[in-house]
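Enquirer: Once you've had a glance at the structure underneath, I'll fire off some questions.
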Amino acid sequence: MRERRSWFLWLVGFLGLISLYGAFLFAPRAKWPGPAGTQLGEVQRIFYFHVPIAWVMFFAFFLAFIFSVLYLVQRKRVWDVWAVASVEVGVLFSVLAMITGSLWAKPAWGVYWTWDPRLTTILILFLMYVGYLIFRGFVEEESQQARLGAVISILAFANVPLTYISVRLWRSLHPVVFFQNSGEKVAISPPMLTTLLVSILFFTLFTLALIRFRARVEMLERTLLDLGGEA
Amino acid sequence: MKDLVYLFAAYSVIWIGLFVYFLQLHTRLNALSRQVEELAETQHRGGES
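Sequences listed follow chains A and B, in order.
Counting from 1, position 34 in the first sequence corresponds to residue 34 in the working numbering; the numbering is continuous, with no gaps.
One gets the working numbering by counting positions in the second sequence from 1 and adding 1000 to each.
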């Protein structure tokens, strides 16, 4: 078991290095439009980590949704533990997605933040899941806390598809990478796509490892509380 | 040049953010493991007496 875990971590590390190599050396600099008819320079390479981070944010919230449903159906502590871990990791990635997005927006649009549909919906999403973590703290009893958390998590998840399709529903400055039938289209060459896909794979596996680690800490805290310790 | 500053800032934020979170989890896990050991030792001693 331990050997399998160490192989998994080696694989994640290896994919991380390949992603960095791809983002900085393998993928060519794209000729994407910048402000006032100029072209974006090297800053375009933020894309190789910003898009995967946004993807894993959605992925973590999706997992939290699944675990919350499982908790409401089976009422087992383990599902609540995994839901909390997924939400916390999702919130971390939503912060990183907003910061890296802002650092892209400044040279591309001239401002760090604008009330664009994608940016606004992602901020709402972030606040909803921060609310999940805060509201849980208001309830003392564990099963009530888990029930409340599961309901908030399921309700908050409704905003995930809305955030994803916001660039297609409303006029948006945000570039559209996949399924480009609307929004600001961007050209992606095969090496760029390969780099992006490797980076997405890396971040997905890394997120699974991080959620598992966070769940382990959460489970240990609760076990200690059961035993009368101070977690 | 300014482009590189934004690029550097973005990648730094990602890795520093993930590293700090991981470190925080690791510290919590170590503290919890210590508590579990202490608790187990206390229970063991309680069982002996």
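Each residue gets a CB set at the ideal place from its N, CA and C atoms; glycine is no exception.
Please list the segments of the alpha helix (DSSP H) lying wholly inside the region 111-163 of chain A, counting only runs of 4 or more residues, in order along the chain.
Expert: The qualifying runs are 117-138 and 142-157.
Enquirer: Nearest chain A C-beta to Leu-1025(B) closer than 8 Å, yes or no?
Expert: Judged by the 8 Å Cβ criterion, Leu-1025(B) is in contact with chain A.
Enquirer: What are the residues of the region 109-123 of chain A that lie near chain B, defined by any Cβ-Cβ distance shorter than 8 Å?
Expert: Taking 8 Å as the Cβ-Cβ cut-off against chain B, none of the residues of the region 109-123 of chain A qualify.
Enquirer: Give the residues from the region 34-63 of chain A that approach chain B closer than 8 Å (Cβ to any Cβ), ordered along the chain.
Expert: Listed by position, the residues of the region 34-63 of chain A near chain B (Cβ gap below 8 Å) are Leu-40, Gly-41, Glu-42, Val-43, Arg-45, Ile-46, Phe-49, His-50 and Ile-53.
Enquirer: Check the Cβ of Pro-161(A) against every Cβ in chain B and list those closer than 7 Å, keeping chain order.
Expert: The contacting residues do not exist; Pro-161(A) stays about 25 Å from chain B at best.
Enquirer: Counting C-beta neighbours from all protein chains within 10 Å, is the total for Ser-199(A) 16 or more, i.e. buried, or is it exposed?
Expert: Result: buried.
Enquirer: Does Pro-191(A) come out as helix, strand or coil in the three-state DSSP assignment?
Expert: Correct three-state label for Pro-191(A): helix.
Enquirer: Looking only at its own chain, which residues have a Cβ that is under 7 Å from the Cβ of Phe-26(A), when we skip the five neighbours before and after it?
Expert: Around Phe-26(A): Pro-191 and Thr-195.
Enquirer: Taking 8 Å as the cut-off, decide whether the C-beta atoms of Leu-125(A) and Asn-159(A) are in contact.
Expert: The answer is yes: Cβ separation under 8 Å.
Enquirer: Hey, how far is the Cα of Leu-1063(B) from the Cα of Val-139(A)?
Expert: With chain B running from 1001 to 1049 in the structure shown, residue 1063(B) is simply not present.
Enquirer: Rounding to the nearest angstrom, what Cα-Cα distance links Ile-1016(B) and Tyr-129(A) in this structure?
Expert: About 22 Å.
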